[in-house]
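Peer 1:
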Amino acid sequence: MLEAHVYPGGCAGTFFHKGYRFDAGATVAGGFQADGPLDRLARRLEIEWPVRPQEPAWVVHLPRRSVLFGKDQRDLLRAFPHSAAFWRRQRDLAAFGWKLGGSGLPWPPADGSEVLQLARTLFGHTSEGRRHWPFAFRSVADWMARDLPGEDREFRRLLDAQLLISAQATSEKVNALWGATALDLARQGTMQVEGGMGTLAQTLARRLQELGGQLLLRQQVTRIVVRKGLACGVILRRGRRARTGRFLPADFIVANVTPWTLASLLGDSVPVGLRRETQLRKPGWSAFVLHLGLDQRYLSHGAADHHQVVTSLDGPLGEGNSLFISISPTWDDSRAPQGCRAVTVSTHTRATCWQGLSQKDPAAYGARKAAYVERMLQHMERALPGFRAGLRLTLAGTPLTWQYYTGRHLGLAGGFPVTSLLKARGARSGLPNLRLVGDSVFPGQSTAGVVSGAMRVARDVLRQGVL
Ligand SMILES: Cc1cc2nc3c(=O)[nH]c(=O)nc-3n(C[C@H](O)[C@H](O)[C@H](O)COP(=O)(O)OP(=O)(O)OC[C@H]3O[C@@H](n4cnc5c(N)ncnc54)[C@H](O)[C@@H]3O)c2cc1C
Numbered sequence: 019m020l021e022a023h024v025y026p027g028g029c030a031g032t033f034f035h036k037g038y039r040f041d042a043g044a045t046v047a048g049g050f051q052a053d054g055p056l057d058r059l060a061r062r063l064e065i066e067w068p069v070r071p072q073e074p075a076w077v078v079h080l081p082r083r084s085v086l087f088g089k090d091q092r093d094l095l096r097a098f099p100h101s102a103a104f105w106r107r108q109r110d111l112a113a114f115g116w117k118l119g120g121s122g123l124p125w126p127p128a129d130g131s132e133v134l135q136l137a138r139t140l141f142g143h144t145s146e147g148r149r150h151w152p153f154a155f156r157s158v159a160d161w162m163a164r165d166l167p168g169e170d171r172e173f174r175r176l177l178d179a180q181l182l183i184s185a186q187a188t189s190e191k192v193n194a195l196w197g198a199t200a201l202d203l204a205r206q207g208t209m210q211v212e213g214g215m216g217t218l219a220q221t222l223a224r225r226l227q228e229l230g231g232q233l234l235l236r237q238q239v240t241r242i243v244v245r246k247g248l249a250c251g252v253i254l255r256r257g258r259r260a261r262t263g264r265f266l267p268a269d270f271i272v273a274n275v276t277p278w279t280l281a282s283l284l285g286d287s288v289p290v291g292l293r294r295e296t297q298l299r300k301p302g303w304s305a306f307v308l309h310l311g312l313d314q315r316y317l318s319h320g321a322a323d324h325h326q327v328v329t330s331l332d333g334p335l336g337e338g339n340s341l342f343i344s345i346s347p348t349w350d351d352s353r354a355p356q357g358c359r360a361v362t363v364s365t366h367t368r369a370t371c372w373q374g375l376s377q378k379d380p381a382a383y384g385a386r387k388a389a390y391v392e393r394m395l396q397h398m399e400r401a402l403p404g405f406r407a408g409l410r411l412t413l414a415g416t417p418l419t420w421q422y423y424t425g426r427h428l429g430l431a432g433g434f435p436v437t438s439l440l441k442a443r444g445a446r447s448g449l450p451n452l453r454l455v456g457d458s459v460f461p462g463q464s465t466a467g468v469v470s471g472a473m474r475v476a477r478d479v480l481r482q483g484v485l
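Everything in the sequence shown is counted per the numbering used here, starting at 19 for the first residue and increasing by one.
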């Protein structure tokens, strides 16, 4: 396993800075429930995850009220009593979604044997399927119109904010069946990871080595070499400043990158379909993040560890208008100097305008960055009143930061929105012995999503008889 950075984890890594261990991006760990992706992976690899349950999962601060998301939906129903039918359907659809996922649903099917496997899985769930399939072709907004009496702006805004962080789009666009599963994260139970999210990747890296694999850090793949229509190896550069590369042969390659990065690694050998995809696909979201060191005396007693702030009921979300705040747990003293907590705050942002600005007008880029920091700190007051006096350290990251540290094209983060199941992207690259994993591949974003997608690719590789 080749990793360009000095530690594994990428967007779900944890980095050390001035006594703090900051989660780079991902902070909420899900998918550990019985038969969830992380549970299945742990059983397969015979590992134990260093995690502790967390309840509530997070608190959403709307302009006029705050709502808890947790294992039961009691607080949601108290705040929005008329939404009972909506949440009943959500639980039903999500149970169906998890069941399909648990049976290793090969979606989208890549070859004849996967079509057969898919048919067997769907046939096994025919009676529930009949009730649920119509929602596979509707949006969450259509489902809301059916199950929610009347129009409720506040409820819709709540759902839109939830869907933006879990499915990368809002209710008008997100597929209903997929959206119901994305909305189920808190109900399935979320975890705090000892030492930060990066410990998940560290745990996997340790097991890889115990099982005889090797993780080579500071090894950037600069080219995938193709001969006679097959990937035959990679050119590696050790460290960012190295001028020369060396060739490492390979029988089969699994690339943990975006389709755009894959195309550029293939250069002139890029298959036609992949080239067309990179020309036609619109770039999705990136993130603006703050990493803050905070004196915990300035946090109110018993404050939850995760908060989502939605600043208004109208206008676009993201761009500082909606934030996700995560505070390291009080029990984890590895995360911050004594008496302090490590905080990660993120907001969705469009990558393209940051990229253009940094090249054309560095001063305007700096000013925009400072404005985002200020806007986000101001909005954080809603969740953590008085916290600013306790600020000990502030680091800000733009899409360019993501691009630099993870190598992601334009710093895009979080994969593609699942707007239509028929448009889901599989792992195939166009070359028979090269696959894609990561959040560009269905089911997409999140640690749970990338684990699901990667386990399917692992099965596929084993089926090819390479190992
Ligand atoms: C701000 C933010 C908040 C998020 N919050 C959550 C959350 O709370 N919960 C959650 O589950 N998910 C969250 N996510 C999403 C989640 O982090 C990602 O979907 C997931 O981590 C992506 O994993 P990946 O393997 O696809 O890619 P990456 O994380 O980008 O990993 C790719 C890895 O490959 C390495 N690499 C890239 N190119 C090369 C190369 N050429 N040679 C060698 N190595 C290379 C990179 O260094 C990196 O380590 C969040 C994402 C962001 C940005």
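Backbone N, C-alpha and C define an ideal beta-carbon position, used for all residues, glycine too.
Going along the chain, which residues of its own chain have a beta-carbon closer than 8 Å to the beta-carbon of E181, five neighbours each way excluded?
Peer 2: Correcting the residue identity first, residue 181 is Leu in this sequence and not Glu. Excluding residues within five positions, the ones whose Cβ falls inside 8 Å are V158, A187, T188, S189, V192, G197, A200, L201.
Peer 1: Identify every residue that forms a DSSP beta bridge with M209.
Peer 2: DSSP output for M209 lists A47, P71 as bridge partner(s).
Peer 1: Which of helix, strand or coil does DSSP assign to W76?
Peer 2: Three-state result, W76: strand.
Peer 1: Just the C-alpha distance for G444 and L233, rounded to the nearest angstrom, thanks.
Peer 2: One C-alpha to the other measures close to 25 Å.
Peer 1: Is DSSP giving L233 helix, strand or coil here?
Peer 2: L233 falls in the coil class under three-state DSSP.
Peer 1: Distance, Cα to Cα, P450 vs F141?
Peer 2: Those two C-alpha atoms are separated by around 29 Å.
Peer 1: Let me make sure I understand the geometry here. Which of S282, H366, R299 has the alpha-carbon closest to that of V328?
Peer 2: That would be H366, whose Cα lies nearest to the Cα of V328.
Peer 1: Is G230 close to chain C? Criterion is C-beta to C-beta, closer than 7 Å.
Peer 2: Protein chains in the displayed structure number just one, and chain C is not present.
Peer 1: Considering only heavy atoms of ligand 1, does any lie closer than 6 Å to the CB of H23?
Peer 2: Within the cutoff, so yes.
Peer 1: Which residues in the same chain as K75 place their Cβ atom closer than 6 Å to its Cβ, once the five residues preceding and following it in sequence are excluded?
Peer 2: For the sequence presented, residue 75 should be read as Ala rather than Lys. These residues qualify, in order along the chain: F87, G88, A204, T208.
Peer 1: Just the Cα atoms here: how many angstroms apart are R426 and V455?
Peer 2: Answer to the nearest angstrom: the Cα atoms are 13 Å apart.
Peer 1: Cβ of D457 within 6 Å of any heavy atom in ligand 1?
Peer 2: At least one heavy atom of ligand 1 is nearer than 6 Å to the Cβ of D457, so yes.
Peer 1: Under the rule that 16 or more other beta-carbon atoms within 10 Å means buried, what is H309, buried or exposed?
Peer 2: Buried, because 16 or more other Cβ atoms sit within 10 Å of the Cβ of H309.
Peer 1: Cα-Cα, which of L111, D178, N274, A219 is closest to P334?
Peer 2: Comparing Cα-Cα distances from P334 to each of L111, D178, N274, A219, the minimum goes to D178.
Peer 1: How many angstroms separate the CA atom of S344 from the CA atom of H143?
Peer 2: The straight-line gap from Cα to Cα measures roughly 38 Å.
Peer 1: Which stretch, first to last residue, makes up the beta strand (DSSP E) that contains Q326?
Peer 2: It spans 324-328 - the beta strand (DSSP E) in which Q326 sits, taken as one unbroken run.
Peer 1: From which residue to which residue does the beta strand (DSSP E) around S84 run?
Peer 2: Taken as a continuous stretch (DSSP letters only), the beta strand (DSSP E) holding S84 covers 84-87.
Peer 1: What are the boundary residues of the beta strand (DSSP E) that A414 is part of?
Peer 2: First-last of the beta strand (DSSP E) with A414: 409-415.
Peer 1: Buried or exposed: where does K16 fall if 16 or more other Cβ atoms within 10 Å of its Cβ makes it buried?
Peer 2: As shown, the chain starts at 19 and ends at 485. That puts residue 16 outside it, with no answer to give.
Peer 1: For L97, I'd like the list of residues in its chain whose CB is within less than 8 Å of its CB, leaving aside the five on either flank, ordered along the chain.
Peer 2: Note that residue 97 is Ala in the sequence shown here, rather than Leu. These residues qualify, in order along the chain: R83, V85.
Peer 1: Which residues in the same chain have their Cβ closer than 6 Å to the Cβ of G338, if we skip the five residues on either side of it in sequence?
Peer 2: Excluding sequence neighbours, G338 sits near T365, Y390, R393, M394.
Peer 1: What number of angstroms, rounded off, separates the C-alpha of P55 from the C-alpha of P380?
Peer 2: For P55 and P380, the distance between alpha carbons rounds to 43 Å.
Peer 1: Would you decide whether G230 is buried or exposed? Buried here means 16 or more other CB atoms lie within 10 Å of its CB.
Peer 2: The residue in question, G230, is exposed, as its Cβ has fewer than 16 Cβ neighbours within 10 Å.
Peer 1: Runs of 3 residues minimum, wholly inside the region 348-386: which ones carry the beta strand (DSSP E) assignment?
Peer 2: You should have 358-368.
Peer 1: Could you give the DSSP three-state label for L335: helix, strand or coil?
Peer 2: Coil at L335, not helix or strand.
Peer 1: Alpha carbon to alpha carbon, what distance is there between L63 and R224?
Peer 2: Roughly 11 Å separates the two Cα atoms.
Peer 1: Could you tell me which whole beta strand (DSSP E) segments of length 3 or greater appear in the region 441-482?
Peer 2: Complete beta strand (DSSP E) runs here, min 3: 452-454.
Peer 1: For T276, which residues from the same chain have a beta carbon less than 7 Å from its beta carbon, with the 5 sequence-adjacent residues on both sides left out?
Peer 2: So the list reads R426, H427, L430, S458, once near-sequence residues are dropped.
Peer 1: State the DSSP-derived secondary structure class of G311, mapped to helix, strand or coil.
Peer 2: G311 falls in the strand class under three-state DSSP.
Peer 1: Can you list, in chain order, the residues of its chain whose CB lies under 6 Å from that of Q210, leaving out five sequence neighbours each side?
Peer 2: Closer than 6 Å at Cβ, skipping near neighbours: R70, Q72, P347.
Peer 1: When you compare each of Q51, F342, G115 to E146 by their alpha carbons, which one comes out closest?
Peer 2: Ranking the options by Cα distance to E146, first place goes to G115.
Peer 1: Should the region 151-166 be called in touch with the region 315-327, which here means at least 3 C-beta pairs below 8 Å?
Peer 2: Verdict: no, contact absent.
Peer 1: Measuring only from the beta carbon, is N274 closer than 6 Å to any heavy atom that is part of ligand 1?
Peer 2: Yes.
Peer 1: Can you tell which of L411, D332, R236, R293 has its C-alpha closest to the C-alpha of H35?
Peer 2: The shortest Cα separation from H35 among L411, D332, R236, R293 belongs to L411.
Peer 1: Looking at C371 and ligand 1, is the gap between the Cβ and the nearest heavy atom below 6 Å?
Peer 2: No.
Peer 1: Considering only the beta carbon of each residue, do G432 and W303 sit closer than 7 Å?
Peer 2: In contact: G432 and W303 (Cβ atoms closer than 7 Å).
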